[in-house]
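**Student:** For the sequence shown, position 207 matches number 207 in the UniProt record's numbering, and the numbering has no gaps at all.
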Amino acid sequence: MSALVIESDTFSYSLHYSAKRRSVALQIKQGKLTVRAPFGYSLTDIKTLVAQKQPWIVKHLQHSEQQTKPDWLMQQQVPMLGTMMPLQLRSGVKSQVQHVDNSLIITVSTRTAAQNVQRRALVLIQQWYQQQAVSWFSERVAYWQGRMQLQAGPVIIGNWQTKWGYCKHNTELGFNRRLLMAPAWVADYVVVHELAHLKHLNHSPRFWQLVRQHYPQAEQAKSWLRQQHQQMEL
Ligand SMILES: [Zn+2]
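What follows is the structure, encoded as structure tokens:
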């Protein structure tokens, strides 16, 4: 049976019609809303019903999204520029992260209370991503600005919920450290994108032309980020 995908202001959902149903049902699973309705039920009525239920839907979608955040500690691995790095959690004298043979050893100090160990380990991993991002993005900016014949200012690394990067009037560039959870070719696209803003501080056709000229896989990288951003959470 085919499903219709409907966009509302704040979310999209799939609509399934069924001969067996007698009433409309809303279901939220893994951050997605599905609406099931009996045959003959009008699309307008369904949209009205969904609009009435919007506060409930938004609340549950957010909750469901939080639950689908990957649990890297449980999976014992983290994504790093296209590979999965094995992760080991230990306790020791001093909290630290060691990068040994392409795996990460996270040591949480024995002084940390048991209920805080997971939280502490996550903070250590975040700090490690931050450090890696500082050196990786500095190197990539140096490489791409040479190829694009542009000159960037300071490179800032952050962890923003709503952006992958930015370019300021003063030529400062910012990059989201979570980009290291994507393959290198995707993170590189963001570097080229922000560098291109040094020339065009907008998303005009000339801007996109410059991006594509240096980075033909720009569209694939954009769609990768759209599809996989939920897997890029720490
Ligand atoms: Zn942009």
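By construction, the Cβ of each residue, glycine as well, lies at the ideal position given by its N, Cα and C atoms.
If you're wondering where the values come from, they're calculated on a predicted model, not measured in any experiment.
1) Distance check for Gln76 and Glu194, CA to CA, integer angstroms please.
2) Gln27 to Ile46, Cα distance in whole Å?
3) Tell me which residues share the same chain as Leu180 and place their Cβ nearer than 7 Å to its Cβ, disregarding the 5 neighbours each side in the sequence.
4) Quick one: is the Cβ of His197 within less than 7 Å of any heavy atom of ligand 1?
5) Find the nearest neighbour of Ser23 within the set Asp101, Trp224, Arg36 and Lys69, judged by alpha-carbon distance.
6) Kindly indicate which residue of His16, His229, Leu173 and Tyr189 has the alpha-carbon position closest to the one of Pro216.
7) Could you pull out every unbroken alpha helix (DSSP H) segment of at least 4 residues lying fully inside the region 99-171, listed in chain order?
8) When we look at the beta-carbon of Trp144 and count the other beta-carbons within 10 Å, is it buried (16 or more) or exposed?
9) Cβ of Arg178 within 8 Å of Cβ of Met232?
10) Take every Cβ of the region 156-172, pair it with every Cβ of the region 202-210, and state whether three or more of those distances are shorter than 8 Å.
11) Could you say which of Arg206, Leu150 and Val117 lies nearest to Val191 if we only look at CA atoms?
12) I need the straight-line Cα distance from Gly153 to Ala25, nearest angstrom please.
13) Give me the residue from Arg21, Ile106 and Ala51 with the minimum Cα distance to Gln126.
14) Please work out which residues of its chain come closer than 8 Å, Cβ to Cβ, to Gly92, disregarding the five sequence neighbours upstream and downstream, and give them in chain order.
15) Below 8 Å on the Cβ atoms is my contact criterion, and I expect Ile156 with Glu172 to pass it. Report the Cβ-Cβ distance as a whole number of Å.
16) Please classify Asn159 as buried or exposed, where buried requires at least 16 other C-beta atoms within 10 Å of its C-beta.
17) Which of the three DSSP states is assigned to Glu194 in this structure?
18) Should His203 be listed as close to ligand 1, given that the test is whether its C-beta is under 7 Å from any heavy atom?
19) What's the C-alpha gap between Ala221 and Lys20?
20) I need the boundaries of the beta strand (DSSP E) containing Lys47, first residue and last residue.
21) Once DSSP output is grouped into helix, strand and coil, what is the label at Leu81?
22) Quick check on the DSSP output: the alpha helix (DSSP H) that includes Leu225 runs from which residue to which?
23) Is there at least one non-hydrogen atom of ligand 1 closer than 7 Å to the beta-carbon of His193?
24) My output table needs one value for Arg21: the three-state DSSP class, helix, strand or coil.
**Tutor:** This is what the structure holds:
1) Whole-angstrom Cα-Cα distance: 33 Å.
2) 14 Å
3) Met80, Leu81, Tyr129, Gln132, Ala133, Trp136 and Ala187
4) yes
5) Arg36
6) Tyr189
7) Whole alpha helix (DSSP H) segments, 4+ residues: 117-148.
8) buried
9) yes
10) no
11) Leu150
12) 54 Å
13) For Gln126, the nearest C-alpha among the options comes from Ile106.
14) Thr107, Val108, Ser109 and Thr110
15) 6 Å
16) exposed
17) helix
18) Short note on His203: C-beta closer than 7 Å to some heavy atom of ligand 1.
19) 42 Å
20) Taken as a continuous stretch (DSSP letters only), Lys47 belongs to no beta strand (DSSP E), being part of the alpha helix (DSSP H) at Leu43 to Gln52.
21) coil
22) Ala218 to Gln228
23) Yes.
24) coil
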